[in-house]
Amino acid sequence: MIYRIACLLVCTPLLPALAQGPDRAGMFRGVEAAGNGFVGGHAVATANDADLGDQIEFGGGSISSGPPFSITADFPFFYTSNARLVRDGAKSDFVLAPEFSALYQPHLTEALSAEFSVSEQLFYFARRSGASFGSFGAQAGVDYELADWNHALLRALYDYQRQTPLDGAAATYSSHGVLLNAEVPLPVSENQRAAVGLLGRIDLSAFPSRSERYQLAPYLSYSIEVARHLSLNAYAELDLRKYAHGERREGEALAALSASYELGRYLRLSLVGSAAANRSNESFYNYNVGNLGGAFTLNWRF
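Going by our numbering, the sequence shown opens with residue 36, and the numbers climb by one from there.
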């Protein structure tokens, strides 16, 4: 599947966690990337927000094999050091973030496939229950495999995202955009997978309009199978953002490590740690955050 990417600036400046629409979901992007084969917001096509959110196949791989349908139920739980994503006065919290997603990826030719996916993730905060919200995403587009280039993958998708408080209030953020992705697997041994990629997203429209932005994110993923069902994973990303209205520019560095254990054909358990640092030309949006937790994932392909 493809990778969940996410955006920013939705509410009042007095509530930065609410003011960073996609970034709130993106708070756990690296956790998912390293722990569950996500890069940002959708389930791995077995490959995430505006700041946290779209998907790419972890470690690369062919798109010409495997069944076209995939349904994933993911149950991450994390301790986070900075639940509101603020520069000063950071407060920790415990977050439960179940996600349910579906992917349909029919093969059009040997190298070309279509892709349609939907996902819904709910973020429940233990200490600040009023800040709990849901993040919905939908994507549609095409994937193309370059067999002569070490099975590199090219993706072009329409991407819709919406975030809504769980207290019944109206949506605080929504965005229509175009997502472009190029990923090249790196030659390693049989029990290792690595890939380097570049993800770009262009907002076509956003609500509120001041959250409209452009993103460019180079990333690197690595996985090694240390035992038959046990793998260690690493993910690193640099997310560069330019807002369409005003002079705001940002860069976020993110890194994550995880251990994943396969319990049978459908179930995976993961332990994950991640850290991110966001820097902006508007110092109000500078923050650091660390996450530590785990997840269990159910996936059916047919």
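Positions of the beta carbon are idealized from the N, C-alpha and C atoms, including for glycine. These figures come from a predicted structure and were not determined experimentally.
Here the C-alpha atom of D123 lies approximately 8 Å from the C-alpha atom of Y322.
Distance from the CA atom of H211 to the CA atom of D183, rounded to whole angstroms, is 33 Å. Under the DSSP assignment, E285 falls in the beta strand (DSSP E) whose first and last residues are R284 to L298.
If you draw a straight line from the Cα of L233 to the Cα of P253, it comes to about 4 Å. Here D202 is exposed: its Cβ has fewer than 16 other Cβ atoms, across all protein chains shown, within 10 Å. Assigned with DSSP and collapsed to three states, Y114 falls in strand. Of all alpha-carbon atoms in A294, L275 and H264, the one lying nearest the alpha-carbon of S315 is that of L275.
Looking at the DSSP output, H211 bridges to Y195 and S240. The three-state reading of DSSP puts F104 in strand, counting E and B together.
Under the three-state reduction of DSSP output, D183 falls in the helix class. The C-alpha of L289 lies about 14 Å from the C-alpha of L251. Put simply, the backbone Cα of Y249 is about 12 Å away from that of L215.
The bridge partners DSSP lists for R122 come to none. Nearest to F168 by C-alpha distance, out of S318, Y296 and R119, is R119.
Counting along the chain, V223 sits inside no beta strand (DSSP E), nor does DSSP assign it H or E at all. Counting along the chain, N323 sits inside the beta strand (DSSP E) bounded by residues Y322 to R336. In the structure shown, S136 adopts extended strand secondary structure according to DSSP, grouped into three states. R162 carries a coil assignment under DSSP once its states are collapsed to helix, strand and coil.
By the neighbour-count criterion, in which a residue is buried when 16 or more other Cβ atoms sit within 10 angstroms of its Cβ, R300 is exposed.
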